[in-house]
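Residue numbers for the sequence shown, in mature numbering (1 follows the signal peptide of the UniProt record, and there is no 0): -21 to -1, 1 to 632.
Every residue gets a Cβ at the ideal spot worked out from N, C-alpha and C, and that includes glycine.
These numbers were taken from a predicted model, which means no experiment stands behind them.
Following: one structure in structure tokens, then a few remarks.
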Amino acid sequence: MRRLAIAVFTFLSMLAGTTHANEVYPLEYWAAQTAVSNVRLSPDGSKLAMLVTPGLGVDPVIQIYNTNSLAEGPRRYNAASLKIENFTWISNDTIVVTFSGQVRERIRGFNQGTFRYTAATLDVEEGKFDRIGDNEGRIASSLPTEANKVILSVPDRRVTDYYLADIDRGTERLILKGNEDVFSISFDDLGNPRTANSVTLGGGPAIFQTLYRKPGERSWTVIHELSEESFEQFDVVGFYDDPRYVYVLAHNGADKVSLWKFDTEQKQFMDRVYSRTDGDVIGIRVHSNRAANPDELVAASYLTADGRRDFEFFDTESAASEGALLDQLEAVIPNAYYLRIISRSSDGNTLLAYNIGPKDTGSYYLVKNGQLQYISSGNPFVKSNNLSELEYVKYPSRHGDLTVPAWVTIPSVGKAPYPTIVLPHGGPFVQEVIDYDKWSQMLANQGYLVIQPQYRGSRGYGLSHYTAAFLPRGEGGGKMQDDKDDGALYLASQGLSDPNRLAMFGWSYGGYAAVTAASRPADQIYQCAIAGASVPDTRQQVNYYRDRLRGSSRVEQLRFWDDSYNPIENPSGVNIPLLLIHGTSDQRTPLRGVRDYMKALDQAGSTYKYVELPKADHFFGTIGYDNELKAYSAMLDFLANDCGIPTEQNPAN
């Protein structure tokens, strides 16, 4: 591969003036929505498009630049009544845009939100939007090898139909009719439906089936089956040149997930492509030039010993070239941490790189004509020299059955031992990997150390670590809570945390953990708790979907929620200051739960504070600037005054 001669210069600075290390940022900076996102090149590399939020509390617009003359400034496109969510190029002059619009004031029930989505094309020369079809739809595949064509997924009652939209002709052709028995359909880069899932029901446990099609085939073949009672993973993640074989991420009887070569005709595992003893293989990497190298896998992803994502590149010429290119970029991009090539021209000569990490809120770089040009960052208000260091630690569970990993954000202000916030992730049965975390960095900027423990139940550390949260019984409020507390106590033993200045803050399941911490009867170690979008009534929460559960999902959810500590049953047990934060449009943990809990607290005479976020849903992108600012202000006031753990940066009133 020709090595790039890279020169660095700055193109765009969205924030005038300079900043100094240890500067305390106003909360408006942290509440600011992502300034730049969805940065993508046109297929020929001549244009660069991005979603830009032009001001605080303003919906994003699309800006398009000429990559040969970035200084000329952009053309801007917006939609008056709809919010632009994302887009993709389908030719050198056309993009397909996904919009969201609020269709009702209140949620209809669990997982039934207030927004709907639709798609439209944008002719970047004429500046004209044209809606695609008459139905709600999203992009299912952008077809990098086909100009002006895109596959749309369109919900039709209980199923999803798939259409090939030909923008030049203005036509939509149904290519795959929805089927209640076939779901989770995925397409390859050439537009072929390749994988799907199905479930067979009989007298015994249901069987989850992985379905497969070779290019050109019109019917599905079952290539793998898992009992619904199995907790193992089997996911097709890529395709070989010979369509008989696929890449899969699977346990295959082991505790850890490996990357495998799988024979779809013999329906059996072949070679173990890559594996780890210290954790799961967490993903794959495809070739950055999808137009020239469609569906080509080049690397497997894993966590290093210091908690960073890294990649093991395959022993092929193109994979080696990809790895060498990343090495060159890492050598010249400041604070390189988790670096990816996110967009590339079809001739391979122009590309966009994206870096994110504890010292980078997410920065975009253009490589063209051998030069590296800085474009912008996700939050240009927050500078790298004012962000806090991130460390990765492991500590033993007090129960002696596992080791708990955790990310620790250490303030660049103050000195140890620090007041400390325990920040458990939501889920709880998900994998969390920390590169840049806005909440922990915001709190560290205010002088608080933050630990994010990967308690039992967290994914990515093997089956035994995951299932320890609910087998043989649910451990919410029990061993899962101990895992979090042990993290704070471990840091105290290392001289990093002040054991007399501890708090817990969490969202979703993390909010449940915070409510639990507030009323845990024995060995209270916290001075206060902040619970966002919480689950204060475990029975009510699982009852939203109890009747839909089967097999391993049923065991996981019912054992966990039914067996675990239920805060609403112990309202008089709240023994530390408690702040509750909830959105009125939360579809995942509906508002009813926290309102019922507050009634129970009132009847028990327990004190608390409550902050309501108007129209906010459960998920980060739906909360909005005003609500984030409201929440952050309330949290810091609560920590300094009600909790009694002020800092020099966050003093008490």
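With residue i and residue j assumed to form a contact (beta carbons below 8 Å), what rounded beta-carbon distance in angstroms separates them?
i, j, result
"residue 521", "residue 540", "4 Å"
"residue 16", "residue 30", "5 Å"
"residue 618", "residue 629", "7 Å"
"residue 496", "residue 512", "The pair is not a contact, with the Cβ atoms about 16 Å apart (cut-off 8 Å)."
"residue 310", "residue 292", "The Cβ separation is near 17 Å, so there is no contact."
"residue 621", "residue 588", "7 Å"
By a C-beta neighbour count over all protein chains shown, 10 Å radius and 16 as the cutoff for buried, is residue i buried or exposed?
i, result
"residue 105", "exposed"
"residue 379", "exposed"
"residue 463", "buried"
"residue 494", "buried"
"residue 329", "buried"
"residue 283", "exposed"
"residue 458", "buried"
"residue 632", "exposed"
"residue 433", "buried"
"residue 558", "buried"
"residue 37", "exposed"
"residue 640", "As shown, the chain starts at -21 and ends at 632. That puts residue 640 outside it, with no answer to give."
"residue 481", "buried"
"residue 483", "buried"
"residue 82", "Note on residue 82: pLDDT 41, under 50, position unreliable in the model; no value is reported."
"residue 431", "buried"
"residue 70", "buried"
"residue 207", "buried"
"residue 150", "exposed"
"residue 569", "buried"
"residue 87", "Confidence at residue 87 is low in this model, with a pLDDT of 49, below 50, so the placement of that residue is unreliable and no value is reported for it."
"residue 19", "buried"
"residue 467", "buried"
"residue 526", "exposed"
"residue 677", "Given a span of -21 to 632 for the chain in the structure shown, any question on residue 677 remains unanswerable."
"residue 198", "exposed"
Have a look at residue i and residue j and give me their C-alpha separation to the nearest angstrom.
i, j, result
"residue 356", "residue 421", "17 Å"
"residue 616", "residue 446", "38 Å"
"residue 528", "residue 121", "33 Å"
"residue 215", "residue 76", "28 Å"
"residue 203", "residue 441", "21 Å"
"residue 634", "residue 343", "Residue 634 falls outside the range modelled here, since the chain spans only -21 to 632, and no answer is possible."
"residue 370", "residue 387", "5 Å"
"residue 327", "residue 72", "19 Å"
"residue 228", "residue 274", "16 Å"
"residue 444", "residue 455", "14 Å"
"residue 43", "residue 53", "5 Å"
"residue 188", "residue 205", "7 Å"
"residue 261", "residue 411", "11 Å"
"residue 136", "residue 593", "30 Å"
"residue 10", "residue 595", "14 Å"
"residue 581", "residue 12", "35 Å"
"residue 418", "residue 285", "21 Å"
"residue 413", "residue 384", "12 Å"
"residue 155", "residue 145", "15 Å"
"residue 473", "residue 394", "13 Å"
"residue 648", "residue 515", "Only positions -21 to 632 of the chain appear in this structure, which leaves residue 648 out of reach."
"residue 288", "residue 336", "10 Å"
"residue 172", "residue 224", "15 Å"
"residue 235", "residue 258", "6 Å"
"residue 101", "residue 117", "15 Å"
"residue 348", "residue 66", "26 Å"
"residue 49", "residue 64", "24 Å"
"residue 524", "residue 178", "18 Å"
"residue 535", "residue 162", "22 Å"
"residue 176", "residue 374", "39 Å"
"residue 201", "residue 298", "31 Å"
"residue 351", "residue 14", "21 Å"
Tell me, please, whether the CB atom of residue i is closer than 9 Å to any CB atom in chain B?
i, result
"residue 211", "In summary, chain B is missing from the structure at hand, where a single protein chain is found."
Pairs of beta-carbons, one from the segment 259 to 271 and one from the segment 311 to 327, closer than 8 Å: are there three or more? yes
Does the segment 4 to 21 touch the segment 360 to 370, meaning 3 or more C-beta pairs lie closer than 8 Å? yes
Completely contained beta strand (DSSP E) runs for the segment 151 to 231, where each covers 3 or more residues: 162 to 166, 172 to 179, 186 to 191, 200 to 206, 213 to 218 and 224 to 229
With a threshold of 8 Å, are at least 3 pairs of Cβ atoms found where one atom belongs to the segment 482 to 493 and the other to the segment 397 to 409? yes
Completely contained beta strand (DSSP E) runs for the segment 234 to 298, where each covers 3 or more residues: 237 to 242, 247 to 253, 262 to 265, 276 to 282 and 288 to 292
Sequence ranges, alpha helix (DSSP H) only - wholly within the segment 561 to 602, length at least 4: For the segment 561 to 602, whole alpha helix (DSSP H) runs of length 4 or above, ordered along the chain, are 570 to 583.
Continuous beta strand (DSSP E) assignments of at least 3 residues falling wholly in the segment 466 to 542: 476 to 486 and 507 to 511
Quick check on the DSSP output: what are the complete alpha helix (DSSP H) runs of length 4 or more inside the segment 289 to 361, in order along the chain? 296 to 311
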